[in-house]
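Have a look at the structure below before the remarks.
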Amino acid sequence: MQVLKFGGTSVGSAKAIEQVCHILKQYKPAGRYAIIVSALGGVTDKLIRCGQLAGQGQEDYKNVLLEIETRHLDAIRELFPITAQSGQISQLKKKLNALENLCDGIFQVGELSPRSLDKIMSYGELMSCVIVAEKLKQKGFSAACKDSRELIVTDNNFGHATVNFIATNHNIAQFFAQQPADYVVLPGFVAASNEGETTTLGRGGSDYTAAIVAAAVHASVLDIWTDVSGMMTADPRIVSQAIPISHISYEEAMELSHFGAKVIYPPTIQPVMDKRIPIWIKNTFAPEDHGTLIQDSADRSFPVTGISGIQHIALLTLEGSGMVGIPGFSKRLFESLLQERINVILITQSSSEHSITVGIHETDMLKAKTAVDSEFAQEIHDKRIEPLLVEKDLCIVAVVGDKMKNHHGTSGKLFGTLGRNGVNVRAIAQGSTEKNISAVINKADLKKALNVMHETFFETPLKQVNLFIAGVGNVGSKLLEQLQQQQNYLQNELGLQIRVTGLANSKYTLLSESGIGLNNWRQQLEQGNEMNIPAFVAQIKAMNLRNSVFVDNTASSEVAAVYHEFLQHGISVVTCNKIACSSDYSYYRQLKDLARRFNASFLFETNVGAGLPVINTLNDLIRSGDKVHSIEAVLSGSLNFVFNHFVNGTSFREVVKAAQDEGYTEPDPRIDLSGKDVMRKILILARESGAAIEMDEITNYSFLPDACLDAASVPDFYDQLDVHAQHFQELRSAAAADGKRLKFVARYEDGKASVGLQSVAPDHPFYKLEGKDNIVLYTTSRYQEQPLIVKGAGAGADVTASGIFADIIRSARL
Ligand code: ADP
Ligand code: ASP
Ligand code: MG
């Protein structure tokens with residue numbers, strides 16, 4: 001005999017019930033079948049709502065009843081020809097009338113007892129099973145309907161009744177021995193107590209009914225037909241990348257379902273496992289899909305089979321010096337919870353026995369607190385233990401797999417993954433069978449945690465990176481262009497799937513969890529929300545996406561001022577904006593420390609020399625134990641351009657103007673000419689070398705006369721350059737007379753930094769520095785004779801964007 005179960009969605013509409021008939025036709029015609037059905041999808045929730053409203057004295061329950069009636073009538077009208085409908089409808093009406101009387105009674109009394117609620121809930125399955133059985137008959141199957149309440153005997157723990165297997169097995173075996181029909185349809189979920197009162201087996205309990213029947217008749221197989229193609233590596237509603245597991249052992253399936261994989265009700269496995277009956281989980285709406293086979297052991301080499309999560313968890317901690325070495329504390333704790341029928345989901349105990357922590361469902365939290373505190377009232381009074389500590393708003397995530405015990409490093413991988421993504425672990429449990437490792441985390445982190453865990457254990461080598469990009473001007477738009485061009489390369493070669501999940505300019509912000517299409521990002525951004533930095537930051541944090549990186553392509557001090565908020569949230573920051581790193585040392589230090597503490601990256605290679613590896617080279621030297629003696633550098637592409645073109649016969653004014661027209665200077669060229677920009681850069685290099693130095697400690701030997709610096713406007717500034725033309729010519733000719741060239745040089749040595757104009761001789765590495773290139777000389781313990789030189793294009797949107805790109809990749813591969 002075979003036992004089949006069809007869940008709520010599988011019988012949720014006339015169309016679905018037709019599909020059930022179609023599936024049954026594929027089974028062997030000569031076989032005998034027990035078919036367990038759920039209520040039409042969503043009906044149990046409605047019945048509960050109906051009972052609750054009636055119990056609260058709210059007449060709205062009548063509307064809910066009406067919805068339930070319409071739902072079933074619609075199904076009947078669609079499923080049967082008019083001539084066959086009246087019999088069906090009158091059967092249904094009888095049940096609905098009884099249900100209505102029950103609800104009216106509850107409404108009158110104004111109280112919904114667990115006993116009445118079970119009775120109400122049972123109508124869902126009682127109605128669906130008649131409809132399915134009649135449809136089968138109409139299709140020519142030899143079908144009959146049997147009320148499970150006449151077979152399954154339980155205690156009277158309403159809502160979660162415990163089965164009396166001896167009586168139940170006997171009833172079921174006897175019934176099927178005499179039953180002539182080949183296809184017997186039974187309502188899932190419902191049962192009856194010894195006294196004949198209707199009970200239920202717990203939400204999702206139709207699976208359990210099917211397992212009970214399968215075990216009692218020694219079925220050859222139990223097929224569970226549902227709305228997904230098997231038990232999946234994670235809950236597909238939370239992890240979109242989840243894939244079906246083709247084979248899984250009973251123990252693994254049990255662990256996964258116990259830890260939240262709703263596709264199968266946890267108690268279901270036990271009765272069939274005891275009899276070694278295989279379970280197939282199949283998709284009613286894609287019957288050709290393989291599905292999942294649950295049986296003795298699954299032959300697999302990889303350690304983790306699936307991951308799951310349970311929401312609404314509270315942690316109870318019993319703690320105190322009075323517990324150490326004294327037996328019986330845990331026993332009393334668990335007994336007091338048991339007395340209140342509180343289900344313990346997870347247990348951890350510190351090896352010092354100083355504390356014991358258990359995870360329970362949040363709804364039981366207050367009951368637990370009262371029960372445990374009263375059990376230990378004397379010890380609490382004597383201050384030998386603390387009152388029970390209760391923490392809520394938590395959830396559990398778990399990795400499950402039979403083979404974990406043979407592999408090292410699974411827990412390291414799990415906690416490393418959570419840690420890198422800023423998920424704080426509150427408690428850990430690993431069963432001694434090592435089939436399961438679970439962690440208690442904040443409920444706000446559930447989605448992120450499950451997704452990164454899935455990525456780590458199932459999706460390697462693809463890692464998804466979520467970018468939030470502020471600033472889409474020259475550099476930002478180039479970056480987006482490069483990201484779009486490189487998408488395939490990143491996926492295929494580096495295993496990175498980079499998605500732009502946020503964009504902002506000074507006017508608008510746009511966020512999309514599934515990624516912003518890069519073909520028309522401009523139009524999309526213009527439809528976005530008005531820019532508001534605090535709101536943008538709050539939204540990014542609330543999205544709580546894994547592997548998030550905030551990219552700052554602006555020159556805004558407001559944006560630079562929020563980096564710490566991202567880092568504190570485990571969101572990496574990549575920036576070409578120099579403001580944060582060149583502001584107060586304390587902020588720079590705070591950002592570096594936060595990045596370390598929260599396992600995020602804070603990368604700003606493009607702050608100095610655009611895409612040139614200036615900061616990375618310095619970091620590598622220091623990290624490998626080298627010591628910086630001095631840094632000498634030309635760090636301004638604009639100043640280098642100006643002085644390279646300032647030759648005999650030109651005026652300083654016209655050279656500066658040309659540089660500005662070419663886009664090599666800031667709109668106000670004084671930012672470059674004053675040396676301020678170079679000061680920021682050498683400040684950052686000094687700080688990266690280990691100096692706790694501030695901007696005002698840097699000496700600026702400015703070559704610009706004060707009158708130029710103080711000019712009221714940019715045109716006035718140009719006039720002042722003409723006024724002081726002689727000054728500039730003298731600087732140039734003095735250098736030329738010695739065969740030297742003018743370079744604007746930044747220097748750092750012995751904790752002191754300076755910037756200023758310098759004449760360099762032909763044998764100096766700076767002498768031949770062309771165009772707007774940058775050069776940095778590092779003299780270190782290792783590079784004493786000849787400094788280490790980094791040289792190349794040090795400005796331009798293209799190279800800056802590729803420097804940012806490289807930092808993004810660096811942070812993603814951490
Ligand atoms: P039925 O009504 O058929 O019993 P359920 O809604 O009880 O169906 O269970 C199926 C649902 O379980 C799926 O639609 C899916 O959303 C959810 N689910 C949660 N975790 C998993 C998992 N690991 N694998 C498959 N489905 C899961
Ligand atoms: N109808 C019940 C519920 O929704 C039982 C089931 O579908 O398994 O919980
Ligand atoms: Mg179910």
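Residue numbers (UniProt numbering): 1 to 814. Just so you know, even glycine gets a beta-carbon here, dropped at the ideal spot from N, CA and C.
Residue i beta carbon near ligand 1 (any heavy atom closer than 7 Å)
i           : result
residue 13  : no
residue 583 : no
residue 47  : no
residue 4   : no
residue 71  : no
Contact test: residue i Cβ vs ligand 2 heavy atom, cutoff 7 Å
i           : result
residue 38  : yes
residue 125 : yes
residue 7   : yes
residue 188 : yes
Beta-carbon contacts of residue i that lie in its chain and below 7 Å, excluding the five residues immediately before and after
i           : result
residue 393 : 442, 443
residue 80  : 88, 138
residue 664 : 637, 638, 641, 772, 795
residue 828 : Residue 828 is absent from the structure shown; the chain starts at 1 and stops at 814.
residue 135 : 17, 21, 79
residue 205 : 188, 189, 265
Classification of residue i by the beta-carbon crowding that lies within 10 angstroms, buried from 16 upward
i           : result
residue 687 : buried
residue 289 : exposed
residue 661 : exposed
residue 331 : exposed
residue 715 : exposed
residue 338 : exposed
residue 180 : exposed
residue 647 : exposed
Given residue i as reference, the closest of the options once Cα atoms are compared
i           : options            : result
residue 1   : 16, 29, 9          : 29
residue 127 : 76, 622, 534, 195  : 76
residue 506 : 491, 558, 481, 118 : 558
residue 649 : 17, 730, 330, 666  : 730
residue 150 : 140, 186, 182      : 186
residue 362 : 356, 390, 758      : 390
residue 517 : 480, 537, 542      : 480
residue 802 : 605, 617, 322, 222 : 605
residue 798 : 742, 680, 610      : 610
residue 616 : 807, 744, 380      : 807
residue 287 : 228, 278, 732      : 228
residue 234 : 430, 218, 364, 452 : 452
residue 142 : 34, 114, 157, 60   : 34
residue 94  : 811, 515, 130, 800 : 130
residue 775 : 703, 632, 448      : 632
8 Å Cβ shell around residue i - same chain, five flanking residues per side excluded
i           : result
residue 563 : 550, 552, 573, 575, 580, 591, 602
residue 19  : 10, 284, 285
residue 435 : 251, 252, 255, 400, 401, 402, 404, 405
residue 104 : 54
residue 692 : 585, 589
residue 530 : 507, 508, 509
residue 354 : 319, 320, 321, 323, 324
Contacts around residue i, its chain only, beta-carbon distance under 6 Å, and the 5 residues preceding and following it disregarded
i           : result
residue 826 : Residue 826 lies beyond the residue range present for the chain, which begins at 1 and ends at 814; the question has no answer from this structure.
residue 281 : 224, 230, 231, 291, 292
residue 439 : 397, 425, 428
residue 630 : 749, 779
residue 525 : 503, 508, 510
residue 303 : 401, 403, 404, 407, 410
Counterpart residues of residue i in DSSP-defined beta bridges
i           : result
residue 502 : 468, 511
residue 232 : 244
residue 186 : 36
residue 745 : 756
Distance cut-off 7 Å: residue i Cβ against heavy atoms of ligand 3
i           : result
residue 159 : no
residue 208 : no
residue 204 : yes
residue 42  : no
residue 291 : no
residue 265 : yes
Beta carbon proximity, residue i to chain D, threshold 8 Å
i           : result
residue 533 : The structure shown has no chain D; it contains just one protein chain.
Heavy atom of ligand 5 within 7 Å of residue i beta-carbon
i           : result
residue 398 : Among the ligands modelled here, namely ligand 1, ligand 2 and ligand 3, ligand 5 does not occur.
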